Amino acid sequence: MDIKIDNLNKVYGDKSVVNIDSLSIDKGKIYGIIGPNGAGKSTLVRIIAGLEEATMGNPIYNGRSLDTKSIRDITYMSQRPYLFRTSVFNNIAYPLKIRKYDKKAIEKKVIDIMKEFKVSHLEGQLATSLSGGESQKVALARALVFEPKVLLLDEPTANIDPNSIELIEKTISRRNKEKGITVILITHNIGQAKRLCDKVIFMRKGKIDEYGDAEKVILNPKQSTTKKFLSIYSM
Ligand SMILES: Nc1ncnc2c1ncn2[C@@H]1O[C@H](COP(=O)(O)OP(=O)(O)OP(=O)(O)O)[C@@H](O)[C@H]1O
Ligand SMILES: [Mg+2]
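Per the numbering used here, the sequence shown starts with residue 319, numbered consecutively.
Okay, here's the thing in structure tokens:
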């Protein structure tokens, strides 16, 4: 799915928190969004996910506004994953249930993805009792279990140990290569952006300060603000 944004503005009270002239998200690519706290990254992604309305200029999906069909192709994982107060299995099965998969298909898909994310041993545990990192893995498994076309991830590895970060990065990369899934990933992990992303969007004060091929933006930023931000990270 292609996503196009033109003259998007999101205002809270008298503060414009996202203000983007133009941005195209091409099918099958991985986009990284980086930038300081409060830059508007999560707000932008929540608008793309259809969870928030822009004040002006909502995104266009495959030439149309978001509708009940296109919203089913998009999956979003929040910065603070919210799991239901039931078992890990039921949490991961949920997107399949609402999409009316039959019981056998649900069981197979949930079991397979629990293996992929190495959370099979947590199958019967109450999801609200998981550790931070476990919750994030289960939330990501739930986001991917129905094979979405667009994956929106808000800091998916923020609480995750290095081994599990590698596992999650491989999973994202494999889905992108094998299934052509489009990914938009917010991260404060610059190495991760370099490893995973085709393009990087650097946001600051609601605007796109710099945009381009991931390697170019990260290794050779043009804007002084991007340079400063990245130099602090490499200290
Ligand atoms: N519902 C809201 N009402 C008022 N202000 C809001 C609301 N949601 C977000 N904001 C403000 O909008 C700005 C952008 O927030 P956002 O969560 O998009 O930032 P972010 O780039 O994701 O930051 P972080 O790296 O800390 O996650 C912040 O200043 C935030 O306080
Ligand atoms: Mg955020």
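Built from N, CA and C at the ideal position, the CB exists for glycine as well. Predicted, not measured: the structure shown is a model, and the values here were computed from it.
Contact set for residue i: own chain, Cβ-Cβ below 7 Å, skip 5 residues either direction
i	result
lysine 347	Thr500, Asp516, Lys517
arginine 513	Glu487
arginine 522	Gly353, Pro354, Ala357, Thr543
leucine 548	Ile508, Ile536, Pro539
aspartate 344	Asp320
proline 399	Ser453, Gln454, Ala457
glutamine 541	Asp527, Glu528
serine 491	Leu514
aspartate 479	Gly451
Beta-carbon proximity check, residue i vs residue j, cutoff 8 Å
i	j	result
glutamate 473	threonine 505	yes
isoleucine 410	valine 463	yes
isoleucine 366	isoleucine 321	yes
isoleucine 508	isoleucine 519	no
isoleucine 483	alanine 459	no
asparagine 327	threonine 386	no
leucine 440	isoleucine 424	no
isoleucine 392	glycine 368	yes
valine 437	lysine 421	no
serine 334	glycine 530	no
lysine 497	glutamate 528	no
aspartate 332	glycine 375	no
glycine 350	alanine 461	no
leucine 470	valine 363	yes
glutamate 434	threonine 489	yes
Distance cut-off 7 Å: residue i Cβ against heavy atoms of ligand 1
i	result
alanine 357	yes
tyrosine 330	yes
serine 360	yes
glycine 368	no
glycine 381	no
valine 406	no
valine 335	yes
glycine 353	yes
Chain-order list of residues whose beta-carbon lies under 6 Å from that of residue i (same chain, five-residue window excluded)
i	result
lysine 418	none
valine 329	Thr373
Contact test: residue i Cβ vs ligand 2 heavy atom, cutoff 7 Å
i	result
isoleucine 519	no
glutamine 397	yes
isoleucine 504	yes
aspartate 472	yes
Spatial neighbours of residue i in its chain, beta-carbon cut-off 8 Å, leaving aside the 5 residues before and after
i	result
glutamine 397	Ser360, Asp472, Glu473, Ala476, Ile504
asparagine 380	Met319, Asp320, Ser388
Query raised in the report: Taking one C-beta from the region 396 to 409 and one from the region 442 to 457 each time, how about it: are there three or more such pairs within less than 8 Å?
Result: yes
**Report entry** Every unbroken beta strand (DSSP E) within the region 440 to 482, with a cutoff of 3 residues, ordered by chain
**Finding:** 468 to 472
**Report entry** Length at least 3, wholly inside the region 323 to 386: the beta strand (DSSP E) runs in chain order
**Finding:** 333 to 343, 348 to 352
Query raised in the report: Can you give, in chain order, each stretch of the alpha helix (DSSP H) that sits fully within the region 505 to 543 and has at least 4 residues?
Result: 508 to 514, 532 to 537
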